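**Student:** In my numbering, the protein residues as written are 232 to 611.
1) For residue 438, which of helix, strand or coil comes out of DSSP?
2) In terms of residue numbering, what span does the beta strand (DSSP E) encompassing residue 253 cover?
3) Do you know how far the Cα of residue 271 is from the Cα of residue 418?
4) Under 8 Å, do residue 263 and residue 247 count as touching if we go by C-beta distance?
5) Please return the same chain residues whose Cβ sits closer than 6 Å to the Cβ of residue 313, not counting the five positions on each side in sequence.
6) DSSP state of residue 277, grouped into three classes?
7) Could you say which of 546, 366, 359 and 349 lies nearest to residue 497 if we only look at CA atoms?
8) Would you decide whether residue 464 is buried or exposed? Buried here means 16 or more other CB atoms lie within 10 Å of its CB.
9) Using the Cα positions of residue 607 and residue 382, report the straight-line distance between them to the nearest angstrom.
10) Under DSSP, the beta strand (DSSP E) around residue 675 begins and ends at which residues?
11) Note down the Cα distance separating residue 452 from residue 601, rounded to an integer number of angstroms.
12) Where residue 422 and residue 368 are concerned, what is the direct C-alpha to C-alpha distance, given to the nearest angstrom?
13) Grab me the residues of residue 603's own chain with a C-beta within less than 7 Å of its C-beta, minus the 5 sequence neighbours each way, in chain order.
14) With a floor of 3 residues, list each beta strand (DSSP E) that falls wholly inside the segment 475-549, ordered by position along the chain.
15) Pick out whichever of 530, 533, 552 and 529 has its Cα sitting closest to the Cα of residue 539.
16) Over the uninterrupted alpha helix (DSSP H) stretch that includes residue 369, give me the two end residues.
17) Check each candidate in 416, 519 and 471 and name the one with the smallest Cα separation from residue 454.
18) Shortest alpha-carbon distance to residue 505 belongs to which of 491, 515 and 315?
19) Could you give the C-beta distance for residue 386 and residue 327, rounded to a whole number, given that I count them as a contact under 8 Å?
20) How close, in whole Å, do the beta carbons of residue 591 and residue 355 come, if the pair is a contact with beta carbons under 8 Å?
21) Taking only the alpha-carbon atoms, compute the straight-line gap between residue 360 and residue 331 and give it to the nearest angstrom.
22) With the cut-off set at 8 Å, would you say residue 352 and residue 470 are in Cβ contact?
23) Once you ignore the five residues that flank residue 257 on each side, which residues in its own chain have a CB closer than 6 Å to its CB?
24) What is the residue span of the alpha helix (DSSP H) that residue 402 lies within?
25) In whole angstroms, what is the alpha-carbon distance linking residue 338 and residue 572?
26) Which one or two residues does DSSP pair with residue 323 in a beta bridge?
27) Can you grab the Cα-Cα spacing for the pair residue 441 / residue 457, in whole Å?
28) Report buried or exposed for residue 287, applying the criterion of at least 16 other Cβ atoms within 10 angstroms of its Cβ.
29) Opposite residue 299 in the DSSP bridges: which residues?
30) Using the Cα positions of residue 502 and residue 532, report the straight-line distance between them to the nearest angstrom.
31) In the DSSP assignment, what residue or residues form a beta bridge with residue 422?
32) Spell out the partners DSSP gives residue 455 in its beta bridges.
33) Since residue 509 and residue 528 are thought to touch, with beta carbons under 8 Å apart, how far apart are those beta carbons, to the nearest angstrom?
34) From residue 488 to residue 245, what does the alpha carbon distance come to, in whole angstroms?
35) Express the C-alpha separation of residue 584 and residue 466 in angstroms, rounding to a whole number.
36) Relative to the C-alpha of residue 534, which candidate in 568, 494, 570 and 569 has its C-alpha closest?
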């Protein structure tokens with residue numbers, strides 16, 4: 232059996248995870264309306280520094296939050312009412328209040344897999360996803376500077392999609408999490424930072440192209456992925472949630488702008504008046520073709536932007552699907568011709584779903600996307 236125990240890996244002392252669900256001036260919960268008031272929390276006519284709703288739940292260990300924003304600032308942004316298990320805490324963060332959910336890691340993972348995708352694909356792909364979602368979470372908790380101060384992770388695409396028990400509709404997801412309980416990917420005794428994206432566009436990307444080039448992630452190599460170039464609707468329905476299926480042509484896509492449209496957009500997004508855009512040139516690319524440095528020449532000045540995510544934000548009202556694109560001037564503006572959906576680092580969800588559909592087991596899937604790794608039992 233390939234699963235191993237590794238004495239170099241730290242044990243998990245806390246098997247709960249804290250998730251920041253939403254922040255706002257006012258949050259409507261199944262227990263009532265909670266609001267920010269001069270640096271405190273106002274609920275039921277009284278002020279608090281912090282609220283813990285667990286003792287007051289009419290249905291223990293479940294609560295609902297209304298108007299939760301998902302896909303924040305992405306093209307699929309919308310609001311949902313979401314129901315969660317575990318504990319609900321309301322804390323003050325600056326001039327907002329934040330709803331925080333505390334629950335066991337394995338329960339969290341069941342929701343993550345169902346929220347990140349439709350989760351009706353093969354059991355082997357679901358097992359692979361359970362392992363990388365668990366690995367990513369535990370790797371973040373060991374960072375010297377975690378992504379969030381007051382909780383472990385957020386609930387949106389900045390971390391991992393987590394939409395509560397509302398999305399838990401497939402018993403295979405529970406089976407996948409149960410059968411991989413405590414399993415993580417490791418490299419030389421350390422838990423791997425197992426990044427993943429929707430569609431790599433044919434070739435996965437290096438960590439250094441999208442994030443810190445000085446941070447070693449030798450297991451996140453660039454590998455060929457011939458699987459994600461699929462139009463098989465049955466597979467796409469298995470892995471893409473309803474709102475993700477609204478995104479078409481994600482493997483190969485085009486975005487057209489007139490010169491005026493793009494100039495106004497870029498000036499607004501960058502907060503810099505560069506004038507009318509004359510030219511755009513990729514200064515550096517990763518192996519997948521994703522641009523990490525882009526030179527934009529305007530009539531007033533030149534500006535270089537990067538890395539991958541900043542480029543995607545600057546050239547779109549929301550985000551471009553990826554930074555793996557070429558730029559073609561037209562008579563009226565620019566044609567941005569791109570591939571892939573997301574940063575492309577690590578596992579490609581659509582590609583891995585196709586691998587599972589074709590009969591690959593979870594070990595084969597994981598070792599294709601994460602090189603020189605071991606599957607390690609971290610806890611029972």
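Even glycine gets a Cβ: it sits at the ideal position worked out from N, Cα and C. Just so you know, these numbers come straight off a predicted model, no measurement behind them.
**Tutor:** This is what the structure gives:
1) Three-state DSSP puts residue 438 in a helix.
2) DSSP places residue 253 in the uninterrupted beta strand (DSSP E) bounded by 247-255.
3) Going from the Cα of residue 418 to the Cα of residue 271 covers about 44 Å.
4) The answer is no: Cβ separation not under 8 Å.
5) These residues qualify, in order along the chain: 296, 299, 394, 395 and 397.
6) Residue 277: strand per DSSP, three-state reduction.
7) Out of 546, 366, 359 and 349, 546 has the C-alpha closest to the C-alpha of residue 497.
8) Residue 464 counts as exposed, since fewer than 16 other beta carbons sit within 10 angstroms of its beta carbon.
9) Roughly 26 Å separates the two Cα atoms.
10) Only positions 232 to 611 of the chain appear in the structure, and residue 675 is not among them; the question remains open.
11) Residue 452 and residue 601 have their C-alpha atoms some 7 Å from each other.
12) Counting only the Cα atoms, residue 368 lies some 10 Å from residue 422.
13) Same-chain partners within the cutoff: 418, 449 and 450.
14) Note on the segment 475-549: whole beta strand (DSSP E) runs with a minimum of 3 residues are 483-489, 508-516, 522-529 and 533-536, in chain order.
15) Comparing Cα-Cα distances from residue 539 to each of 530, 533, 552 and 529, the minimum goes to 552.
16) First-last of the alpha helix (DSSP H) with residue 369: 354-372.
17) Comparing Cα-Cα distances from residue 454 to each of 416, 519 and 471, the minimum goes to 519.
18) For the set 491, 515 and 315, the Cα lying nearest the Cα of residue 505 is the one of 491.
19) The pair is not a contact, with the Cβ atoms about 15 Å apart (cut-off 8 Å).
20) That belief holds up - the Cβ atoms of residue 591 and residue 355 are roughly 6 Å apart, short of 8 Å.
21) Cα-Cα distance, rounded: 24 Å.
22) A contact, by the Cβ cut-off of 8 Å.
23) Within its own chain, the residues whose Cβ lies closer than 6 Å to the Cβ of residue 257, once the five positions on either side in sequence are excluded, are 266, listed in chain order.
24) Secondary structure note for residue 402: its alpha helix (DSSP H) is the uninterrupted segment 402-410.
25) Between the C-alpha atoms of residue 338 and residue 572 there is a straight-line separation of about 28 Å.
26) According to DSSP, residue 323 bridges with 328.
27) So the two alpha carbons sit approximately 22 Å from each other.
28) Low local confidence applies: a pLDDT of 46 at residue 287 is under 50, so the model's placement there is unreliable, and no value is given.
29) DSSP, once it has assigned bridges, lists 311 as partnering residue 299.
30) Going by the C-alpha atoms only, they are around 13 Å apart.
31) Answer by DSSP bridge pairing, in chain order: 417.
32) In DSSP, residue 455 forms a bridge with 434.
33) Between residue 528 and residue 509 the Cβ distance is about 5 Å, and since that is below 8 Å, they are a contact.
34) Cα-Cα distance, rounded: 50 Å.
35) Straight through space, the alpha carbons of residue 584 and residue 466 are spaced by roughly 7 Å.
36) Checking every option, the nearest Cα to that of residue 534 belongs to 494.
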